[in-house]
Amino acid sequence: MKNELSPQDIAQYRHNGFLVIEDFLSPDELDFWRTALDEAVANRNGNKMPDRKEVYGKGDDADKSYYDNVFDQLINLWQDNDKIKQIMVDERLGKMAAQLSGADGIRIWHDQALIKKPWANPTSWHLDTPYWSFSDRRALSIWVALDDATYENGCLFFIPGSYLQTTFENPGIGKNMGAIFTTYPEFKTTKAVAAPMKAGSCSFHNGLTIHGAHANMTPGYRRAMTCAYMPDGSTFNGIQNILNDDVFTSLKISDALNNNDQNPLIYHKNQ
1 MKNELSPQDI
11 AQYRHNGFLV
21 IEDFLSPDEL
31 DFWRTALDEA
41 VANRNGNKMP
51 DRKEVYGKGD
61 DADKSYYDNV
71 FDQLINLWQD
81 NDKIKQIMVD
91 ERLGKMAAQL
101 SGADGIRIWH
111 DQALIKKPWA
121 NPTSWHLDTP
131 YWSFSDRRAL
141 SIWVALDDAT
151 YENGCLFFIP
161 GSYLQTTFEN
171 PGIGKNMGAI
181 FTTYPEFKTT
191 KAVAAPMKAG
201 SCSFHNGLTI
211 HGAHANMTPG
221 YRRAMTCAYM
231 PDGSTFNGIQ
241 NILNDDVFTS
251 LKISDALNNN
261 DQNPLIYHKN
271 Q
């Protein structure tokens, strides 16, 4: 794993709100990630999460049929697959997330398989952090390409520097590719940066960086394995998102999200 970050890498991430790392995984590691994902997806039997099929805060009823053809989304695979857990709790990933974000410690918010099926719809421009149950401007995600992510099959695009100005207001992922620019018109004329990646490469992006993806214009799949990272010390903001009903009802706003069964601490610079 190419897990050593240079000062230039960190500076680039903090300037743009994203960073692409080519050949992040070795060929053997890529094979392991692919095998783990295939097993985890098969065992899920179509369920988005270990305890329920749907995810709060994604799309709306009017856009459901469109949204369901954007990508297959399976969340918290680490909770019911040992191979995915081995991948996700890797301290090296947590250290990279901490170095990029400036956080002392990193917890898993959730992992997420994002699989664009053949002829899948585009992923409209959006933000990530406003969906989540905490509000921290340092939150970020890793996105690992398990197939080549190309212009033709749905590679990512980023609006550079946008995370420095966006807030937690988010129109969501729907049919309108550019809806977010009604909320953030200052970026409507900004040139996007494409991030095509070979399988085994990855990107990190801040959860407030505006990003989206092309449609899949091919008969093949575009598989990615991602993980959202929460800075240690984050507190509950009242949004349920991926929290199960028992955890959600037990929390009060401003409670610490420090349950290691739900959000394991995978790195802290003082440990």
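Be aware that the sequence shown starts at 1, since it is given in UniProt numbering, and climbs by one per residue.
By construction, the Cβ of each residue, glycine as well, lies at the ideal position given by its N, Cα and C atoms.
| Item | Value |
| --- | --- |
| Nearest CA to the CA of Q99: which residue from I142, L37, T123, Q73? | I142 |
| Can you list, in chain order, the residues of its chain whose CB lies under 6 Å from that of K116, leaving out five sequence neighbours each side? | F71, G154, N216, R222 |
| If you count every other CB in all the chains shown that lies within 10 Å of the CB of N206, and 16 or more means buried, which is it? | buried |
| Could one say the Cβ of F158 lies closer than 8 Å to chain C's Cβ atoms, at least one of them? | Considering every chain present, this structure includes no chain C. It has just one protein chain. |
| Is DSSP giving A103 helix, strand or coil here? | coil |
| Thinking C-beta only, is P50 closer than 8 Å to D80? | yes |
| Rounded to a whole number of angstroms, what is the C-alpha to C-alpha distance between A228 and I210? | 15 Å |
| Can you give me the Cβ contacts of I21 inside the same chain, cut-off strictly under 8 Å, excluding the 5 residues immediately before and after it? | K2, D9, S201, C202, S203, F204 |
| Do the CB positions of R107 and N263 come within less than 8 Å of each other? | yes |
| Please name the residue in E29, F187, N237, M225 whose C-alpha comes closest to that of L114. | M225 |
| Just to confirm my understanding: we take T183, look at its own chain, exclude 5 residues before and 5 after, and list those with CB closer than 6 Å. What are they? | E169, P171 |
| If S254 and T235 are in contact, beta carbons under 8 Å, what's the gap, nearest whole angstrom? | 5 Å |
| Could you pull out every residue in the same chain whose Cβ sits closer than 7 Å to the Cβ of W119, ignoring the five residues on either side in sequence? | N216 |
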